[in-house]
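Below you'll find the structure, written out as structure tokens, and then a few comments.
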Amino acid sequence: MPRINLLPWREERRKQRQQSFNLLAGVVVGVAAFVVLSMYGLASAAISNQDARNAYLKEQISGLDKQIAQIKDLQDTKQQLLARMQIIEQLQQSRPTEVHVFDQLVQTLPPGVYLTHVVQKGSELSIDGIAESSARVSAYMRNIDSSMWLSDPNLQVVQKDSSVKPNAHVQKFSVTAKITDKAAAAAKKNAKGGK
Numbered sequence: 023m024p025r026i027n028l029l030p031w032r033e034e035r036r037k038q039r040q041q042s043f044n045l046l047a048g049v050v051v052g053v054a055a056f057v058v059l060s061m062y063g064l065a066s067a068a069i070s071n072q073d074a075r076n077a078y079l080k081e082q083i084s085g086l087d088k089q090i091a092q093i094k095d096l097q098d099t100k101q102q103l104l105a106r107m108q109i110i111e112q113l114q115q116s117r118p119t120e121v122h123v124f125d126q127l128v129q130t131l132p133p134g135v136y137l138t139h140v141v142q143k144g145s146e147l148s149i150d151g152i153a154e155s156s157a158r159v160s161a162y163m164r165n166i167d168s169s170m171w172l173s174d175p176n177l178q179v180v181q182k183d184s185s186v187k188p189n190a191h192v193q194k195f196s197v198t199a200k201i202t203d204k205a206a207a208a209a210k211k212n213a214k215g216g217k
């Protein structure tokens, strides 16, 4: 019987399969490497795009922070200006009050009463003076109470003053009173009551 050697054919076939497998493995590795590199490139592009967006947002935020600081400065300046305007308005409103107060100080003085010292602190007056008698001090306090610009007289001190004349009955006195515009207060009260 003749002998046939099948080994070279099988060996060749095995080599072909090995080459096909190696080629297929190379293609798969190449495709995998391409996919990985593509994904890496896409991820890098997305990261750089997001970094650019973040940088833009930071730039815009810093600009807005500067604008907010300017707005706060403007609001502080506005508050200061409003406070100054309010003070000026109060001074404008109180300007005629001082004239009326001095006028009332003169008009409320009964004969025989002389003022020596007048001090104003806010809406309160401290009045020092001398009078020929205690009755004249009482009359002066009644006049203050009936005044349109002065109210709430409060007698602090009444004492005999012998420095003027030793035998005279001169009295030193100290009175406090409040500065009020009774006419304006009455008008406000009537306006509130009319509503």
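For any residue, its number in the working numbering is found by taking its place in the sequence shown, counting from 1, and adding 22.
Cβ atoms here follow ideal geometry from the backbone N, Cα and C, with glycine treated the same way.
- Per DSSP, the continuous alpha helix (DSSP H) segment holding V159 begins and ends at S156 to S168.
- V141 carries a strand assignment under DSSP once its states are collapsed to helix, strand and coil.
- Counting along the chain, G151 sits inside the beta strand (DSSP E) bounded by residues E146 to A153.
- When the five nearest sequence neighbours on each side are left out, the beta carbons in the same chain lying within less than 7 Å of the beta carbon of Y136 are those of G151 and I152, in order along the chain.
- When the beta-carbon positions are compared, Q193 and V179 stay at least 7 Å from each other.
- Between the segment 117-135 and the segment 162-182 there are three or more C-beta pairs closer than 8 Å, enough to call the two in contact.
- Here the C-alpha atom of I109 lies approximately 15 Å from the C-alpha atom of T119.
- N176 is bridged by DSSP to T198.
- The segment 92-112 and the segment 123-130 do not touch, with fewer than three beta-carbon pairs separated by less than 8 Å.
- It is roughly 38 Å from the alpha-carbon of R35 to the alpha-carbon of M61.
- Rounded to the nearest angstrom, the Cβ distance from S173 to K143 is 16 Å, too far for a contact under 8 Å.
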